[in-house]
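A.B. asks: Going letter by letter, the sequence shown gives residues 490 to 781 in the working numbering.
Yeah, the Cβ is synthetic: ideal placement off N, Cα and C, and Gly gets one too.
Model, not experiment: these values are computed from the prediction.
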Amino acid sequence: MSYLKLLCLKSTLISLCLIFTSFNVVFYDSNPHPISIEQAVRNNLVNCNISSNGGHEGSCINMNLENKSLHDLTVKIESGRNLLSNDTNKQDILIVNEEIFVLKKGVQKGKDLFGFCSQSNKGSPSLNETYSVGDMKDKKTVQLTNYLSKNNYPLSAMQNAIWVMTNNRRVEGIFHENRDSIQSLMDYVSDLTYQFTPWYSIQYFNDDSNLVSDNAKQIWGEFEGRLLKDTKVKVVVFDMLNIAQLRKEIIINEEANTHPISVDVSSLPKGRYHIGFYVVGGGRVDEKVFSI
Numbered sequence: 490m491s492y493l494k495l496l497c498l499k500s501t502l503i504s505l506c507l508i509f510t511s512f513n514v515v516f517y518d519s520n521p522h523p524i525s526i527e528q529a530v531r532n533n534l535v536n537c538n539i540s541s542n543g544g545h546e547g548s549c550i551n552m553n554l555e556n557k558s559l560h561d562l563t564v565k566i567e568s569g570r571n572l573l574s575n576d577t578n579k580q581d582i583l584i585v586n587e588e589i590f591v592l593k594k595g596v597q598k599g600k601d602l603f604g605f606c607s608q609s610n611k612g613s614p615s616l617n618e619t620y621s622v623g624d625m626k627d628k629k630t631v632q633l634t635n636y637l638s639k640n641n642y643p644l645s646a647m648q649n650a651i652w653v654m655t656n657n658r659r660v661e662g663i664f665h666e667n668r669d670s671i672q673s674l675m676d677y678v679s680d681l682t683y684q685f686t687p688w689y690s691i692q693y694f695n696d697d698s699n700l701v702s703d704n705a706k707q708i709w710g711e712f713e714g715r716l717l718k719d720t721k722v723k724v725v726v727f728d729m730l731n732i733a734q735l736r737k738e739i740i741i742n743e744e745a746n747t748h749p750i751s752v753d754v755s756s757l758p759k760g761r762y763h764i765g766f767y768v769v770g771g772g773r774v775d776e777k778v779f780s781i
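1. Rounded to a whole number of angstroms, what is the C-alpha to C-alpha distance between Leu562 and Asn553?
2. List the DSSP bridge partners of Gln692.
3. Residues in its own chain within less than 8 angstroms of Ser702 by CB, not counting five upstream and five downstream?
4. Within 10 Å of its beta-carbon, does Leu534 have 16 or more other beta-carbons around it, so buried, or fewer, so exposed?
5. Quick one: what does DSSP say Met647 is sitting in, helix, strand or coil?
6. Quick check on the DSSP output: the alpha helix (DSSP H) that includes Gln528 runs from which residue to which?
7. Exposed or buried, what is Ser568 when buried is set at 16 or more other beta-carbons lying within 10 Å of its beta-carbon?
8. Below 7 angstroms CB to CB, which residues in the same chain sit around Ser615 once its five sequence neighbours on both sides are set aside?
9. Please classify Lys494: does DSSP put it in a helix, a strand, or coil?
10. Would you mind stating whether Glu738 and Val724 have Cβ atoms separated by less than 9 angstroms?
11. What ranges does the beta strand (DSSP E) occupy inside the region 523 to 589, keeping only unbroken runs of at least 3 residues that lie completely in it?
12. Residues in its own chain within less than 6 angstroms of Cys537 by CB, not counting five upstream and five downstream?
13. For Arg668, which residues from the same chain have a beta carbon less than 8 angstroms from its beta carbon, with the 5 sequence-adjacent residues on both sides left out?
14. Who are the near neighbours of Ile764 in its chain, counting only those whose CB is closer than 6 angstroms to its CB and skipping five residues on each side?
15. Rounded to whole angstroms, what is the Cα-Cα separation between Met828 and Thr630?
16. For Pro749, list the residues DSSP reports as bridge partners.
17. Assess contact between the region 616 to 624 and the region 637 to 656, defined as three or more Cβ pairs (one per stretch) separated by less than 8 angstroms. Is contact present?
18. On the criterion of 16 or more Cβ atoms from any shown chain inside 10 Å, does Thr747 qualify as buried, or is it exposed?
19. Run through DSSP, which three-state label would Gln734 get?
20. Considering only C-alpha positions, which residue in the set Ile582, Asp576, Arg659 is nearest to Ser548?
21. When you compare each of Ile741, Arg736, Gly760 to Val752 by their alpha carbons, which one comes out closest?
As structure tokens, this is what we get:
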């Protein structure tokens, strides 16, 4: 009798193992949750080919995945993933917009990914430069990429914002001629890096070598003061010895409390300056400090 009981127990255990094994396989097949591209590559579930579309911002990278597992896969390319260039002289690309690949068993699919250069000190990638899946950036950089993915800013401003996080460049380098279009971005990055939002942006010269320039061309911002339309304002830039270095005159386009200003600073050496705004025939309206 004990032998029969033992035999029945073994049969029951074998049956239960088969049932649970079958359940796990079905569960894996029907699991809708995506796996990370890093996990998919590490576990040899996909063939992954990443290449540059040329350039370093926007839809500048292409990823091609082939599902070589025994199951259907959903693979996620995360916002904040830093794709590594196989050429160490070329820029890595930081993914901004999360992308999902839904791959049937044996299926191959390619997509363009939206991202930006994360190394301002290296050259822009050429067409067909190759990349690996890399790794995730730090928490604050991922916060920024998630924020950028949900907001519509000029591409150049998004790129400059990323360089603040990845290359410790200045928040003032977040530039666009339409300052209103980037004000909230400057505020966000300033908060993220525990800084006050600067009153101005710096426009840098383009570098012929495809590297990012540190040579300031113009500053763009706003000054305060209630002024009537057609008021003439004298703008004077002083160095820290209070010696006037630049002068220009502008005419106010409309009555307002704040007024846009741009100043060509290409002739000035790097340093700290203050800028005064004076009503012609009157007194000082505003004064601000800037560094280039």
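C.D. replies: Result, derived from the coordinates:
1. One-based indexing of the sequence shown puts residue 562 at position 73. One-based indexing of the sequence shown puts residue 553 at position 64. The straight-line gap from Cα to Cα measures roughly 14 angstroms.
2. To locate residue 692, count along the sequence shown from 1; it is residue 203. Answer is Gln707.
3. Taking the sequence shown and counting its residues from 1, the one referred to as residue 702 is at position 213. Counting only Cβ-Cβ distances below 8 angstroms, and skipping sequence neighbours, we find Tyr693, Phe694, Asn695, Asp696.
4. Sequence index remark: in the sequence shown, residue 534 carries index 45 (1-based). By the 10 Å Cβ count, Leu534 comes out buried.
5. Position 158 of the sequence shown holds residue 647. Helix, per DSSP.
6. Counting from 1 along the sequence shown, the entry for residue 528 is found at position 39. Run containing Gln528: 526 to 531, per the alpha helix (DSSP H) assignment.
7. Residue mapping note: residue 568 aligns to position 79 of the sequence shown, counting from 1. That one is buried.
8. Locating residue 615 in the sequence shown gives position 126, counting from the first residue. For Ser615, where only same-chain residues beyond five positions count, the Cβ hits under 7 angstroms are Ser541, Gly543.
9. For the purposes of this step, residue 494 is taken as the residue at position 5 of the sequence shown. At Lys494, the pLDDT of 47 sits below 50, so the modelled position is not reliable; the number obtained from the coordinates is stated separately. Reduced to three states, the DSSP call for Lys494 is helix.
10. Translated into positions along the sequence shown, residue 738 becomes position 249. Translated into positions along the sequence shown, residue 724 becomes position 235. Contact flag set, yes.
11. 535 to 541, 546 to 556, 562 to 566, 570 to 574, 582 to 584
12. Working through the sequence shown from its first residue, we reach residue 537 at position 48. So the qualifying residues of the chain are Val530, Leu554.
13. Translated into positions along the sequence shown, residue 668 becomes position 179. Only Ser690, Trp709, Gly710, Glu711, Pro749 meet the Cβ criterion.
14. Position 275 of the sequence shown, counting from 1, holds the residue named residue 764. So the qualifying residues of the chain are Val726, Lys777.
15. There is no way to answer for residue 828, as the model of the chain reaches only from 490 to 781.
16. Numbered from its first residue, the sequence shown carries residue 749 at position 260. Its beta-bridge partners are Glu711.
17. no
18. As a first step, residue 747 is located in the sequence shown; it is residue number 258 there, counting from the start. The residue is exposed, with fewer than 16 neighbouring Cβ atoms inside 10 Å.
19. Against the sequence shown, residue 734 aligns to sequence position 245. In this structure, Gln734 counts as strand in the three-state DSSP scheme.
20. Sequence index remark: in the sequence shown, residue 548 carries index 59 (1-based). Residue Ile582 is the option with its Cα nearest to Ser548.
21. Taking the sequence shown and counting its residues from 1, the one referred to as residue 752 is at position 263. When only C-alpha atoms are compared, the closest one is Arg736.
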